[in-house]
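Everything on this sheet refers to the single structure shown next.
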Amino acid sequence: MTTGARTLYQQLGGEAEVRALVDRFYDAMEVLPEAASIRAMHPRNLQGSRDKLFEFLSGWLGGPPIYIQKRGHPRLRARHMPFAIGTPEAAAWMLCMADALEKLPPEVPQLTREVLFSQLGQVASFMRNQPGDSPG
Ligand code: HEM
Numbered sequence: 375m376t377t378g379a380r381t382l383y384q385q386l387g388g389e390a391e392v393r394a395l396v397d398r399f400y401d402a403m404e405v406l407p408e409a410a411s412i413r414a415m416h417p418r419n420l421q422g423s424r425d426k427l428f429e430f431l432s433g434w435l436g437g438p439p440i441y442i443q444k445r446g447h448p449r450l451r452a453r454h455m456p457f458a459i460g461t462p463e464a465a466a467w468m469l470c471m472a473d474a475l476e477k478l479p480p481e482v483p484q485l486t487r488e489v490l491f492s493q494l495g496q497v498a499s500f501m502r503n504q505p506g507d508s509p510g
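Listed below in structure tokens is the structure:
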């Protein structure tokens, strides 16, 4: 996804910043009480989850499509079907992401942060798979 001439990947500062964002995201998931239910869905060791989210976001943000190259089409909604994701779980995921986005380097423009938060919110919403709580 792009906004203007530079990809979001570039606006964020490239690979190291995307990796750091994902690390902060899962660090937040480890400690935030509101995220306990979604933390419990993940493996005890989060390294594989960190790698997969980094690889996915890299391509999704307009950088190298590492996830697709390594693992094929993400089929993100199907891959989340084994987990009971409703509105509270999507909100918990976004709370961790908000925490991670807050700590982006100061030079990342406010608009970039807002676009990213809004687009990720749409994906999180799309992952919902509970009766009456699905994306429709
Ligand atoms: C809405 C709330 C969400 C919950 C509760 C959730 C939960 C999970 C869980 C439990 C896994 C398995 C972890 C693992 O295999 O290590 C997973 C995998 C994954 N999630 Fe989410 N997720 C959510 C939203 C999202 C969003 C918004 C994105 C992308 C922007 C995303 C991207 C991924 C990716 C790329 C994987 C790895 C898929 C694979 O290759 O198996 N997730 N998620």
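The working numbering puts the first residue of the sequence shown at 375, with every later residue one more than the last.
For glycine and all other residues, C-beta sits at the position ideal for the given N, C-alpha and C.
Please check if any C-beta of chain C sits within less than 8 Å of the C-beta of residue i.
i	result
Val489	Looking for chain C here will not work: only one protein chain is present.
Measuring alpha carbon to alpha carbon, tell me which residue in the options is nearest residue i.
i	options	result
Tyr383	Phe430, Asp425 and Ala464	Phe430
Arg393	Pro480, Ser492, Ile459 and Phe428	Phe428
Gly446	Ala465, Phe457, Gly460 and Lys426	Lys426
Arg502	Asp473, Ile459, Phe491 and Met471	Ile459
Ser508	Lys444, Asp401, Thr461 and Gln421	Thr461
Leu406	Gln504, Ala474, Pro480 and Cys470	Cys470
When every heavy atom of ligand 1 is checked, does at least one fall within less than 7 Å of the C-beta of residue i?
i	result
Ser432	no
Phe457	yes
Ile412	yes
Lys426	yes
Gly437	no
Leu494	yes
Glu463	yes
Val396	no
Ala498	yes
Ser423	yes
His447	no
Leu450	yes
Arg418	no
Met403	no
Since I believe residue j is in contact with residue i (beta carbons under 8 Å), could you give me their beta-carbon distance rounded to a whole number of angstroms?
i	j	result
Gln385	Val482	7 Å
Gly437	Thr381	7 Å
Arg451	Phe500	6 Å
Leu494	Met455	Not confirmed; about 19 Å, so no contact.
Ala414	Ala474	That pair is no contact at about 19 Å.
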